[in-house]
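The structure appears right after this line, and notes come after that.
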Amino acid sequence: MKKKKFSLPDQDYRYLFENASDAILVQDLEGHILYTNRAAEKLTGYDPETLLSRDMTGFLADLHSHDVAREVRRRLLSGEDFHQPYEQRIARRDGTVAIWRMATSLLLGEGEIKGFQHIARDVTAERQVQDNMRFYVQEVIRAQEDERKRVARELHDEVSPSLLLLIQRIDAIVSNSRLKLSDVMKQKMEDLRVQTVEALESTRRIAQDLRPRILDDLGLIPALEWMADNLIKKHGIEARVIAKGPEQPLASEVQLLLFRIAQEALNNIRKHSEASQVEITVTYGPEKTMVSIADNGKGFALPQRVSDLAAIGKLGLAGMQERAQLIGGHVTLSSDPGHGTVVTIEAPNQGNLCEVPSATRELESRLKN
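Residue 1136 is where the sequence shown starts when you use this note's numbering, and the numbers rise one by one after that.
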């Protein structure tokens, strides 16, 4: 144990401090490191003398991490609550960057706040596995959307015109007086025409469901209004779309993900909620856009964690959170039995499907909640 100013409480604590598998660093109110244990020296790669000669912020890897450290300090000193543990990016001696999962508490002595104690664990390898998996999921979703778009385009550009041409030829045959068709044959031709029209309508519907052209051509609001209109016409559920704030340009990946999550939410309402009314609200901000889907259905009891949604059969809702995270967004749920459900998706306007959200971006978001 390396000592700089005041003493640690007792011998038992000293033993636990020194032999803990997690890194422990004690700093004073000015940021100077007073004590470290062997785990901290191992994780940073610095010798004890170097650690004790530096300010704690000197080990932070980027400006984002400095912002987070200031926010943690402010909240602890003001008594505000925030989510712990949180994550920080730490610069190692060899120039690499480690991700630490940290818990920070006030250090008290003689009835006064003397400093801060940080307990940290290196989760770099764990986060790398998570990031690799997230990137894999992103690529799968990208491939799925590309295939949906290709199939929808072929249905629209090739199959639909062929069916329309077939209808026109049937009409031409029936209206040709020189063929002198019997009444039985005319009825068969009419039946064939009806079936072909139904096939054409189904083809157009499938193409729209796969990848609505209105989303690519006109944007998010018209696409949501199209879904709301279908909910009214096909299922008798009253639905409306409300837009708040000046409309902002959205990255195509963000627009698509917001649409898909809203689509899944509306499918859940149609299948499970027994709702008669739905309100879709889009709130534009300069940096983030929020989409909220509220229904007056039967609702349900929320689990303590979003990850538990799959365990209670809410696979669609669990999938929404995973999709939102791919663009640096998040989903929140509010529901009570008998009082409906509200699904809210918030995402950065220029999020990118192929970028893995950084640990510090997620952390800053969590601290501000």
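Even for Gly, the Cβ is constructed at its ideal location relative to N, Cα and C. Quantities reported herein were computed from a predicted structural model and do not represent experimental measurements.
Under the three-state DSSP convention, the category residue i falls into
i        : result
Tyr-1221 : strand
Phe-1435 : coil
Glu-1165 : coil
Asp-1379 : According to the sequence displayed, residue 1379 carries Lys and not Asp. Strand, per DSSP.
His-1474 : coil
Gln-1485 : coil
Leu-1461 : coil
Lys-1315 : coil
Glu-1360 : helix
Glu-1388 : helix
Ile-1341 : helix
Asp-1430 : strand
Glu-1333 : helix
Ala-1410 : coil
Glu-1206 : helix
Ile-1372 : coil
Asp-1182 : coil
Gly-1454 : helix
Asp-1216 : coil
Arg-1346 : coil
Asn-1172 : coil
Length of the line joining the Cα atoms of residue i and residue j
i        : j        : result
Thr-1476 : Ala-1226 : 44 Å
Ala-1513 : Ile-1248 : Outside the displayed range of the chain (1136 to 1504) lies residue 1513, so it cannot be described from this structure.
Thr-1171 : His-1218 : 24 Å
Val-1426 : His-1199 : 27 Å
Arg-1209 : Ile-1349 : 47 Å
Met-1297 : Gln-1343 : First, the amino acid is wrong: residue 1297 is Ser here, not Met. Roughly 17 Å separates the two Cα atoms.
Met-1362 : Gln-1398 : 8 Å
Ala-1155 : Leu-1178 : 13 Å
Met-1320 : Asp-1306 : 13 Å
Leu-1461 : Met-1191 : 32 Å
Phe-1394 : Asp-1266 : 24 Å
Ile-1372 : Lys-1423 : 29 Å
Gln-1303 : Ser-1387 : 38 Å
Ala-1436 : Pro-1472 : 6 Å
Gln-1162 : Leu-1212 : 14 Å
Gln-1263 : Asp-1202 : 23 Å
Pro-1183 : Val-1207 : 25 Å
Glu-1481 : Ala-1459 : 8 Å
His-1474 : Ile-1168 : 52 Å
Ile-1159 : Ala-1233 : 15 Å
Val-1258 : Ala-1196 : 15 Å
Ile-1404 : Val-1413 : 8 Å
Gly-1354 : Ala-1278 : 21 Å
Arg-1283 : Asp-1292 : 14 Å
Glu-1336 : Leu-1290 : 11 Å
His-1370 : Asp-1281 : 29 Å
Arg-1313 : Arg-1288 : 39 Å
Glu-1457 : Ser-1188 : 43 Å
His-1407 : Glu-1153 : 55 Å
Glu-1382 : Arg-1285 : 29 Å
Ser-1295 : Thr-1231 : 56 Å
Asp-1326 : Leu-1366 : 29 Å
Arg-1224 : Ile-1356 : 38 Å
Gly-1111 : Ala-1204 : Past the boundaries of the shown model lies residue 1111; the chain is included only from 1136 to 1504, so the question cannot be answered.
Thr-1338 : Leu-1401 : 22 Å
Ala-1334 : Leu-1299 : 10 Å
Glu-1165 : Lys-1433 : 54 Å
Closer than 6 Å: residue i CB and nearest the ligand MN heavy atom
i        : result
Ala-1378 : Judged by which ligands are present, the structure shown has none, so any question about the ligand MN falls away.
Beta-bridge partners of residue i, as assigned by DSSP
i        : result
Asp-1190 : His-1167
Lys-1423 : Pro-1483
Thr-1418 : Lys-1379 and Met-1425
Thr-1467 : Thr-1479
Ile-1159 : Ile-1254
Leu-1135 : Residue 1135 is absent from the model: the chain starts at 1136 and stops at 1504.
Environment of residue i [buried if 16+ CB atoms lie within 10 Å]
i        : result
Gln-1390 : buried
Tyr-1271 : exposed
Glu-1222 : buried
Met-1455 : buried
Asp-1229 : exposed
Ala-1260 : exposed
Thr-1239 : buried
Ser-1317 : exposed
Ala-1410 : buried
Arg-1346 : buried
Val-1329 : exposed
Gln-1273 : buried
Leu-1243 : exposed
Arg-1340 : exposed
Legend entry - Segments of 4+ residues assigned as alpha helix (DSSP H) that fall wholly inside the segment 1231–1299: 1259–1289
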